[in-house]
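Since the structure comes first, as structure tokens, the remarks are kept for the end.
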Amino acid sequence: DTAVSQTPKYLVTQMGNDKSIKCEQNLGHDTMYWYKQDSKKFLKIMFSYNNKELIINETVPNRFSPKSPDKAHLNLHINSLELGDSAVYFCASSHRGAGETQYFGPGTRLLVL
Amino acid sequence: SQKIEQNSEALNIQEGKTATLTCNYTNYSPAYLQWYRQDPGRGPVFLLLIRENEKEKRKERLKVTFDTTLKQSLFHITASQPADSATYLCALEADNNDMRFGAGTRLTVKP
């Protein structure tokens, strides 16, 4: 059974397009995250949601908009894609609270041409 | 500014030896420190968690130490195997659910 799933796995698109990445978790967690991993493999937090409420919002361009329709889903919509947006985007989830393990999805490889 | 540094981008060792990976941090007071493993093309997978009041944690061939005075964590894999080859990430958490990752160390265990 897939714990944290993301779609699509690969996304190739042109500059200026708008795209969405979907994430779902079936672990019963109430906190979900989006991370960006760049070409240097540095994993950086973008957003964190708890019970559909935004709790972490790093310095991310407002072209990126997360949406959480319910506790089990956290989607990422990106407007006006730029070359620098090319990266691997990981969704993760955990229970709320300090010291909780985060469970990561398989990643979405985004390439902007 | 806060920094998390993993000392080596890459570490090569011979099978059977102990691999030691380092995670140093500055301008940070983490309550928890976690180590994750990441294989190519996959998401990170949790390995171990250690709290600020713990000095050492073990799990099978893995051992983690946490020295809040030195601001350092060491991650050891004893009797290393080629299957241990992966990138290992340390992650620090100061506040609830706000976890920050190091850049990772790519470990290669040669047969």
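So the protein lines, in turn, are chains A and B. If you read the first sequence in our numbering, its first letter stands for residue 1, the second for the next number, and so on. If you read the second sequence in our numbering, its first letter stands for residue 1, the second for the next number, and so on. For every residue, glycine included, the Cβ atom is placed at its ideal position computed from N, Cα and C.
* Alpha carbon to alpha carbon, what distance is there between A/N50 and A/N17? -> One Cα belongs to A/N17, the other to A/N50, and the distance between them is close to 29 Å.
* Of the listed residues B/R42, B/Y36 and B/E56, nearest to B/Q72 (C-alpha basis) -> Comparing alpha-carbon positions, the option among B/R42, B/Y36 and B/E56 lying closest to B/Q72 turns out to be B/E56.
* **As assigned by DSSP and simplified to three states, the class of B/A19** => In the three-state reduction of the DSSP assignment, B/A19 falls in the strand class.
* What is the DSSP secondary structure of A/D85, reduced to helix, strand or coil? -> Helix at A/D85.
* **C-alpha distance - A/K71 paired with A/G97, whole-angstrom precision** => Between the alpha carbons of A/K71 and A/G97 lies a gap of roughly 15 Å.
* Residues of chain A with CB under 8 Å from B/T87, in chain order? -> Near B/T87 (Cβ distances below 8 Å), the residues of chain A are K41.
* To do: Could you tell me if B/E60 is buried or exposed, where buried requires 16 or more neighbouring beta carbons within 10 angstroms of its beta carbon?
  => Exposed, because fewer than 16 other Cβ atoms sit within 10 Å of the Cβ of B/E60.
* To do: Output the distance between the C-alpha atoms of A/L113 and A/K22, rounded to the nearest integer angstrom.
  => When rounded, the separation of the alpha-carbon atoms in A/L113 and A/K22 is 21 Å.
* To do: Pick helix, strand or coil for A/N69, following the three-state DSSP scheme.
  => Position check: residue 69 of chain A holds Pro in this sequence, whereas Asn was assumed. DSSP places A/P69 in strand when its eight states are reduced to three.
* To do: Select from the segment 25-52 of chain B all residues with a C-beta closer than 9 Å to any C-beta belonging to chain D, and list them in chain order.
  => Of the protein chains in this structure, namely A and B, none is chain D.
* If you measure beta-carbon to beta-carbon, which residues of the segment 91-111 of chain A are closer than 8 Å to chain B? -> Listed by position along the chain: A92, S94, R96, G97, A98, G99, E100, T101, Q102, Y103, F104, G105, P106 and G107.
* How do the segment 59-67 of chain A and the segment 12-19 of chain B stand: do at least 3 beta-carbon pairs fall below 8 Å, yes or no? -> Counting Cβ pairs under 8 Å, fewer than three are found: no touch.
* To do: Give me whichever residues DSSP pairs with A/S116 in a beta bridge.
  => What is shown of chain A runs 1 to 113, which leaves residue 116 of chain A out entirely.
* Considering only residues of the same chain and omitting the five flanking positions on each side of B/F101, which have a CB-CB separation below 6 Å? -> Here B/F101 has L89 and A91 as same chain residues with Cβ atoms under 6 Å from its own Cβ, once five neighbours each way along the sequence are excluded.
* Where does B/D67 sit, in a helix, a strand or coil, going by DSSP? -> Three-state DSSP puts B/D67 in a strand.
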